[in-house]
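A short worksheet on the structure shown next.
Residue numbers (this note's numbering): 40 to 267.
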């Protein structure tokens, strides 16, 4: 596993973003782990988060795109911090864009925040985690409606939960790739997380114990995705 992936897993734990226990997801599934990107709240955390995304994007997609689109609301700080990190680390000036939940009818009218999207633009979508394709079903038409010739080059998320969607046995990221045709990647997968954290002390405490590992294994027996 690449060093930056190990560092990112530690970062999620230290930031109280990745938790283990008993959680009920929006889908109704009972999950032994949960990721809450809303727990990134400090300037230092957001700076580091942007750097992790920037490195993963550079490694998987390269930097041949024009706009980083972060769907409202959680995608907005992701897009902003990652654009800043790409500029700092790689000297590439990427524009950020997001949608408004409510269309603004005064001043700078419209549905978009940040950069406008125009013909010829290459757009990369950035999200925290995708457990279904619902968010992309909302985001993709918004991007495509801005101009006649827009190329969505991919989707980057921080964690691939590797569980099947509600409509098939494929993961949400694989479903999105199959439906829309663009690449989908994550900084880390849940397999990476388990491999790295299992029985490993973090600040003197093992947070992914044998009992928690057993619950995760049982969860994936029921909900684990079939790889495309």
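The C-beta atom is built at its ideal place from N, Cα and C for all residues, glycine as well.
Taking the Cβ atoms as the reference, residue 139 lies roughly 7 angstroms from residue 151, within the contact range of under 8 angstroms. The Cβ atoms of residue 235 and residue 48 sit closer than 8 angstroms to each other.
Cα atoms of residue 149 and residue 61: separation of roughly 41 angstroms, rounded to the nearest angstrom.
Per DSSP, residue 250 lies in no beta strand (DSSP E) segment; the continuous alpha helix (DSSP H) that holds it begins and ends at 249 to 262. Take residue 159, set aside five residues on each side of it, and the residues of its chain with a beta-carbon closer than 7 angstroms to its own are 188, in chain order.
Contact between the stretch 108 to 121 and the stretch 202 to 211 is absent: fewer than 3 CB-CB pairs across the two stretches fall below 8 angstroms.
Excluding its 5 nearest sequence neighbours in each direction, residue 210 has C-beta neighbours in its own chain below 6 angstroms: 201, 264, listed in chain order. Beta-bridge partners assigned by DSSP to residue 47: none are found. For residue 183, same chain residues with a beta-carbon under 8 angstroms away, outside a window of 5 residues either side, are 189, 191 in chain order. With a beta-carbon spacing of about 19 angstroms, residue 108 and residue 198 fall beyond the 8 angstroms limit used to define contacts. Rounded to whole angstroms, the separation of the alpha carbons of residue 64 and residue 251 is 17 angstroms.
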